[in-house]
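Residue numbers (mature numbering (1 follows the signal peptide of the UniProt record, and there is no 0)): -27 to -1, 1 to 289.
Since the structure comes first, as structure tokens, the remarks are kept for the end.
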């Protein structure tokens, strides 16, 4: 009897234990749905705010502020002239990268380098405020004929400090007025090589924060200027797709995520924070790139948001 009662008690405990377990078949059937919900990624969407974009033929007037070598200037000019060139013999090309802007409202955007001014005497000093950038962009020597579509591009040398440079931005674009009191778009980037290469010339320099992965070898042998090209690509794409704060962007108009800034840190497939992605490399020199421009010049260009797929599009 004692054994029988003991057995019955043990059986009772076992039944209670089994009844408290989850239904295995239900757990198995529901788990995949729960797993999918965890990894499902929402598409990136840059809303169009119904304002004008810069499309058609756009002239880029350049102001070099401070000291740049002829080689440094040629790297930047080759990049700008490659954006809408049809003569690049190699693929992936710089012009293919820029062609993504055609998918935004208004069709193609053809860029041509116009006037260039060398301000090697630092006319406003070596410490600039944002208002100084607007003043430089309004230089009458950069003026075009009334009605022309233009972007005035300010490039500051390595020894020039700019408000918020290295803290909140590596470059920017905005709006001002030319000598004819017409509204114009302007863009600015600075050479960060002596001030903050880990922030504004990554991935050609180890990042200031995060995993300290080895930097990539810059394609033109100049970390600062190759970094400027990345940032110039970013602000130019923003300038033509959101020139006056009512084009394509996500978030507040005062701090928008735009065509390229919405895809920060992505240069190739498989990118993640601290890793630029799978890009191309020359066996002989080890330089990293993902785009080829005029005269065979190589560049590393950031991903750009593609309105057709709502994804950050890379060349490789």
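The beta carbon of each residue, even a glycine, is placed where N, CA and C say it ideally should be.
Bear in mind that the values here come from a model prediction, so they are computed numbers and not experimental data.
Taking the alpha carbon of residue i as the reference point, which residue from the options has its own alpha carbon closest?
i	options	result
residue 149	125, 252, 271	125
residue 60	279, 176, 270, 286	270
residue 164	98, 65, 200, 49	200
residue 273	254, 98, 285	254
residue 23	31, 108, 221, 256	221
residue 170	122, 78, 228, 143	143
residue 49	242, 209, 232	209
residue 280	256, 236, 180, 58	236
How big is the Cα-Cα spacing for residue i and residue j?
i	j	result
residue 84	residue 226	25 Å
residue 130	residue 219	31 Å
residue 33	residue 158	10 Å
residue 282	residue 189	29 Å
residue 203	residue 197	10 Å
residue 67	residue 41	23 Å
residue 250	residue 80	29 Å
residue 104	residue 65	38 Å
residue 127	residue 211	15 Å
residue 319	residue 19	Residue 319 falls outside the range modelled here, since the chain spans only -27 to 289, and no answer is possible.
residue 224	residue 21	12 Å
residue 268	residue 205	20 Å
residue 289	residue 63	13 Å
residue 228	residue 136	16 Å
residue 119	residue 241	41 Å
residue -2	residue 28	Only weak support is given to the placement of residue -2: the predicted model assigns it a pLDDT of 37, under 50, and the question is left unresolved by the model.
residue 146	residue 15	28 Å
residue 168	residue 258	27 Å
residue 154	residue 113	11 Å
residue 181	residue 43	30 Å
residue -5	residue 176	Confidence in residue -5 is poor, its pLDDT being 45 and thus under 50, which makes the residue's placement unreliable; the coordinate value appears in the next sentence. The alpha-carbon atoms of residue -5 and residue 176 are separated by roughly 51 Å.
Are the Cβ atoms of residue i and residue j separated by less than 9 Å?
i	j	result
residue 133	residue 100	yes
residue 266	residue 54	yes
residue 111	residue 141	no
residue 192	residue 234	no
residue 186	residue 247	yes
residue 244	residue 284	no
residue 195	residue 45	yes
residue 82	residue 138	no
residue 106	residue 161	yes
residue 109	residue 35	no
residue 39	residue 75	no
residue 69	residue 232	no
residue 77	residue 115	no
Assuming residue i and residue j are in contact, meaning their beta carbons sit under 8 Å apart, how far apart are those beta carbons, in whole angstroms?
i	j	result
residue 275	residue 239	7 Å
residue 17	residue 278	6 Å
residue 123	residue 31	7 Å
Taking only beta-carbon atoms, is residue i less than 9 Å away from chain B?
i	result
residue 180	No chain B is part of this structure, which consists of one protein chain only.
Taking only runs that begin and end inside the stretch 22 to 66, name each unbroken beta strand (DSSP E) of 3 or more residues, in chain order.
29 to 38
What are the complete alpha helix (DSSP H) segments, minimum 4 residues, inside the stretch 116 to 203?
170 to 173
Quick one: which unbroken beta strand (DSSP E) runs of 3-plus residues sit fully inside the stretch 61 to 103? Chain order, please.
82 to 92
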